[in-house]
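For reference, the structure discussed in these notes is given below.
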RNA sequence: CGGGGAGUAGCGCAGUCUGGUAGCGCAUCUGAUUUGGGUUCAGAGGGUCGCAGGUUCGAAUCCUGUCUCCCCGACCA
């Protein structure tokens, strides 16, 4: 394809609203254009990458017996009311009314739609298993879209849903998709990790995330140095390194002391010359969403952590069996519950449930707020001075913690979540009455799993991982074009003739080729070629043609091969593998 | 929703404090020049300064209101 027909416009400067490198490069290369926050037009170049990625997905899924369909983007409210998610999903679901004042939403996901689709057809165990997928635009009304395609409101997703007769069969389907995803992301050539994760409000029990490693990633990961263990920090168990284990001391008597103006852990550490492990902080949350201090039905509770630890809201949520993580109380609400402002609060004398992080359990004679402004208590001990409602692992695991496998320690990474596999069980089939008759003629709920790949997000993750100072370096498998021909002397007939011959040759070989046929100086073309990032660049200019050699340049590492015109195709084929 | 920042030409920005005919770079168009890493020169076109009120002889600039965008947080299968 000729550049002049392709509607490609590059920018020297990145737009001011792009923050991370992949977003900047995509905008500079003209791959992406914003229409509204989180809503983008994908240019022809990006569309080519999208299609290639989609084809990789199709190949891997089709070969594993999955079936592609295409479901609606607009769903009636009644469908989502069946599972209760019309309300549960909150504002993330974009809702609107049609001309008859009937409510609809834009599909944020398709568990309901696909379950509705199959429940009318699947009647017998003989109809199972099934695995149905689609590649389609999703809409989620994200509170804050950011970083281009990393977190868009409108984006393309591959979502698959498995239907099986029982738990064992469903786990087999899960494992199969796990392997499929591994194959898909491996074919892209990306550095990724498969991590344990929280199931979130989609429900279900077993789940893994596929994370492309990148500093700009939104997720924090902990990966073992010496075992296969890898987890999203949201669910990683926190196990102290050996040297943190404090020796138990004899309990001594409780004592109140004055700490005027000392509110933060850091201030107390500095003023009292003690370590964070002598301090215990008390955080306050509400188990009710929309906590209102005037509402008598509120259920505030306290969480105790060592001074150096951070609370893990997902662990709290799971401990309490909540749908969403609990909300922190405001300062005013804390004052109302404890009688003191945050910074002077503690567990002694509180009449609300107290959840204790298991790190605190090891401590003796520690310091907490006295629930009286400007005072703290020292020599506080669990059991003697206050009772814990429950002891659990409620803190964030961190780098250096012991690996739960027992081997090695945890190292932290940032990741971009590009894929997610869930075992759902019968959560949706029960609510939507999706059943089949087993061999005994008895109705059973269908076991489900769901599996997503963020298609557009993956492309950006690839760029985030594959670029250099000059621009994008596309993995060969998803590059918009394999070859980028720079015609350096567009007015030289011999040069143009060779370029066109090569273009025809590549087209016959099914190698995608972009020909920069603009009347521009070589420097401009080189800069643009580096920016756009095709794996191979071919320079055809009068100088080379006269010398009987043409430059074939590998984008990655800028390796230059000088070859005779009739050897160019062969060389390219070799490089592409 | 809380905190911060910003709306001036397609893109990147200055001008606003201290009111006085709207500027620069890139891009675009014309003509020369140059021709293997974003040539150089000359010229041209393009903006109701986010929007609405107000103050003033006069507002991009001051006042009031409002909308939008970006960043951090909360949120997020």
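In our numbering, the protein residues as written are 394 to 970.
Glycine included, every Cβ here is placed at the ideal spot set by N, Cα and C.
All values derive from a computational prediction rather than experimental measurement.
Between which two residues does the beta strand (DSSP E) harbouring residue 931 extend? 929-933
Just grab the DSSP bridge partners of residue 808 for me. DSSP output for residue 808 lists 606, 612 as bridge partner(s).
Quick one: Cα of residue 970 to Cα of residue 904, how far? 12 Å
How many Å lie between residue 427 and residue 539 at the Cα? 11 Å
Assign residue 559 to one of three DSSP states: helix, strand, or coil. Coil.
Check each candidate in 755, 762, 509, 680 and name the one with the smallest Cα separation from residue 709. Measuring from the Cα of residue 709, the nearest candidate turns out to be 680.
Quick check on residue 940: buried or exposed, where buried means 16 or more other Cβ atoms within 10 Å of its Cβ? exposed
Could you please give the first and the last residue of the uninterrupted alpha helix (DSSP H) stretch that includes residue 480? 478-481
Does DSSP put residue 919 in a helix, in a strand, or in coil? The answer is helix: DSSP assigns residue 919 an H, G or I state.
Do residue 793 and residue 782 count as a contact pair if the criterion is CB distance below 7 Å? no
Environment of residue 517 [buried if 16+ CB atoms lie within 10 Å]: exposed
Quick one: using the 10 Å Cβ neighbour count with 16 as the cut-off for buried, is residue 731 buried or exposed? buried
Measure the Cβ-Cβ separation of residue 604 and residue 614 and say whether it is below 7 Å. yes
Quick check: what's the CA-CA separation for residue 950 versus residue 920? 15 Å
Residue range of the alpha helix (DSSP H) that includes residue 656: Neither: residue 656 is in no alpha helix (DSSP H) and is coded neither H nor E.
Limits of the unbroken beta strand (DSSP E) element including residue 434: 432-435
Please tell me whether residue 751 and residue 772 are closer than 7 Å, where the distance is taken between their beta carbons. no
Which residue marks the beginning of the beta strand (DSSP E) containing residue 706, and which one marks its end? Residue 706 -> not in any beta strand (DSSP E); alpha helix (DSSP H) instead, spanning 706-713.
Whole angstroms is fine: what's the gap from residue 831's alpha carbon to residue 561's? 15 Å
What do you reckon, is the C-beta of residue 794 under 6 Å from a heavy atom of the ligand GTP? Inclusion of the ligand GTP in the displayed structure is not the case, the ligand content being empty and no account of it being possible.
Start-end ranges of the alpha helix (DSSP H) lying completely within the segment 716-789, minimum 4 residues: 724-731, 751-754
Got a sec, what are the start and stop residues for the alpha helix (DSSP H) residue 850 sits in? 848-858
Which runs of the beta strand (DSSP E) spanning at least 3 residues fall entirely within the segment 495-524, listed in chain order? Assignment of beta strand (DSSP E) within the segment 495-524, counting only whole runs of 3 or more residues, yields 496-499 in chain order.
Classification of residue 895 by the beta-carbon crowding that lies within 10 angstroms, buried from 16 upward: Residue 895 is buried by the Cβ-count criterion.
In whole angstroms, what separates the C-alpha of residue 844 from that of residue 522? 15 Å
Between which two residues does the beta strand (DSSP E) harbouring residue 698 extend? 693-699
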